[in-house]
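Notes follow the structure.
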Amino acid sequence: MDNQLVSSVSGFSTVDLKLKGFKVYEIETAVSPVPKYSRRDFYKICMISGKTLIHYADKGIELDGTFLFFANPHIPYSSEVLCEAQTGYACLFTEEFLKTHDRSESLQQSPLFKLGGTPLFLLGNDQKEFITTIFNKMLLEQNTDYVYKDELIRNYIHLIIHEALKLEPSANFFKHKNASSRITSLFLELLERQFPIESHERPLLLKTAQDYAAQLSVHVNHLNRSVREVTGKSTTTLITERIIIEAKALLQHTDWSIGDIAYGLGFEYPTHFNNYFKKVTGTVPKSIRA
Numbered sequence: 001m002d003n004q005l006v007s008s009v010s011g012f013s014t015v016d017l018k019l020k021g022f023k024v025y026e027i028e029t030a031v032s033p034v035p036k037y038s039r040r041d042f043y044k045i046c047m048i049s050g051k052t053l054i055h056y057a058d059k060g061i062e063l064d065g066t067f068l069f070f071a072n073p074h075i076p077y078s079s080e081v082l083c084e085a086q087t088g089y090a091c092l093f094t095e096e097f098l099k100t101h102d103r104s105e106s107l108q109q110s111p112l113f114k115l116g117g118t119p120l121f122l123l124g125n126d127q128k129e130f131i132t133t134i135f136n137k138m139l140l141e142q143n144t145d146y147v148y149k150d151e152l153i154r155n156y157i158h159l160i161i162h163e164a165l166k167l168e169p170s171a172n173f174f175k176h177k178n179a180s181s182r183i184t185s186l187f188l189e190l191l192e193r194q195f196p197i198e199s200h201e202r203p204l205l206l207k208t209a210q211d212y213a214a215q216l217s218v219h220v221n222h223l224n225r226s227v228r229e230v231t232g233k234s235t236t237t238l239i240t241e242r243i244i245i246e247a248k249a250l251l252q253h254t255d256w257s258i259g260d261i262a263y264g265l266g267f268e269y270p271t272h273f274n275n276y277f278k279k280v281t282g283t284v285p286k287s288i289r290a
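The sequence shown: position 177 = 177 (the UniProt record's numbering), numbered continuously.
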């Protein structure tokens, strides 16, 4: 669906998007076949009306109505239109465009964009009307010569983000209160940056708690204590869970051989990957592909 929508936008160019840092467009599409599962280069916020099936990481979520969807380029996703027609708006942007200074928190740590966060929100009529107004303002503004256009568009994007954050349960919010929170946030961001695996010829390099501790210049015991204090899980468990999510995505949505997937995820031999996968999931990789 995304490829179809993007190609239908007048004058759309990924090169142009990379130069400007953002692109806003209107969605109008009919029922389409299942799109090819792919990784993208930009963050995306879209408001869609219509029955839709979203494939996000290793999950599928079916929605009917009007909803907001927040897509992270580091987490694979695709969508299927399940109704006669789908309408809405979308905005693509780079992290560099939205972040105004280096100390801004990474979007990958946002409750809306991070793995395991909440990327989908059903909207009521008032929320739909409000966000529609914002998208229309962005559509009008992106073609003007206003000298502060980037700042204005950035503010509009933040308005949509904050409208969604108000819908997010407060228990899911996370603020750094101490050193443990900070080191855990750095670890989770570094973990997410290892993915997606784009080629089995460039395998995963950081695979253990020791690897991550070395990259973060902290003692592994300090990292392990901090991560468990904040998340309730061990560093190794979080690494394992992320590798399994990536493994499932590669098994379900690529034509790579299991051997190539194993090597891409840092396993020297397919048998090691098979044993690892079965120990964690209780099933073998081949069963996921089937």
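Using N, Cα and C, we set each Cβ at its ideal position, and we do this for glycine too.
Measure the CB-CB distance between residue i and residue j and report whether it falls below 8 angstroms.
i, j, result
"leucine 204", "leucine 265", "yes"
"histidine 200", "tryptophan 256", "yes"
"phenylalanine 42", "leucine 120", "no"
"proline 285", "phenylalanine 277", "yes"
"leucine 92", "phenylalanine 135", "no"
"glutamate 229", "serine 180", "yes"
"serine 216", "leucine 188", "Rather than serine, the amino acid found at residue 216 in this sequence is leucine. No, the Cβ-Cβ distance between leucine 216 and leucine 188 is not below 8 angstroms."
"phenylalanine 70", "alanine 164", "yes"
"alanine 90", "tyrosine 156", "no"
"glutamine 142", "isoleucine 153", "yes"
"leucine 122", "leucine 63", "yes"
"isoleucine 197", "lysine 248", "no"
Around the Cβ of residue i, are there at least 16 other Cβ atoms within 10 angstroms (buried) or fewer (exposed)?
i, result
"cysteine 46", "buried"
"tyrosine 148", "exposed"
"asparagine 224", "buried"
"arginine 193", "exposed"
"glycine 88", "buried"
"glutamate 28", "exposed"
"glutamine 252", "exposed"
"glycine 124", "exposed"
"threonine 235", "buried"
Return the first residue and the last residue of the beta strand (DSSP E) that residue i is part of.
i, result
"glutamine 142", "Run containing glutamine 142: none; DSSP gives neither H nor E here."
"isoleucine 183", "Here isoleucine 183 belongs to no beta strand (DSSP E); instead the alpha helix (DSSP H) covers 179–193."
"leucine 238", "No beta strand (DSSP E) holds leucine 238; the alpha helix (DSSP H) holding it covers 235–253."
"leucine 68", "66–71"
Report the CB separation of residue i from residue j in whole angstroms; it is logged as a contact under 8 angstroms.
i, j, result
"leucine 53", "glutamate 80", "4 angstroms"
"leucine 107", "leucine 98", "7 angstroms"
"threonine 231", "threonine 184", "6 angstroms"
"leucine 250", "isoleucine 261", "5 angstroms"
"valine 280", "isoleucine 244", "5 angstroms"
"lysine 51", "leucine 82", "4 angstroms"
"glutamine 86", "isoleucine 48", "6 angstroms"
Under DSSP, the alpha helix (DSSP H) around residue i begins and ends at which residues?
i, result
"leucine 167", "Element bounds for leucine 167: n/a, residue is neither H nor E."
"leucine 216", "209–216"
"leucine 223", "220–231"
"threonine 281", "270–281"
"serine 287", "285–289"
Contact criterion: CB-CB distance below 8 angstroms. Does residue i meet it with respect to chain D?
i, result
"valine 147", "In the structure shown, chain D does not exist; there is a single protein chain."
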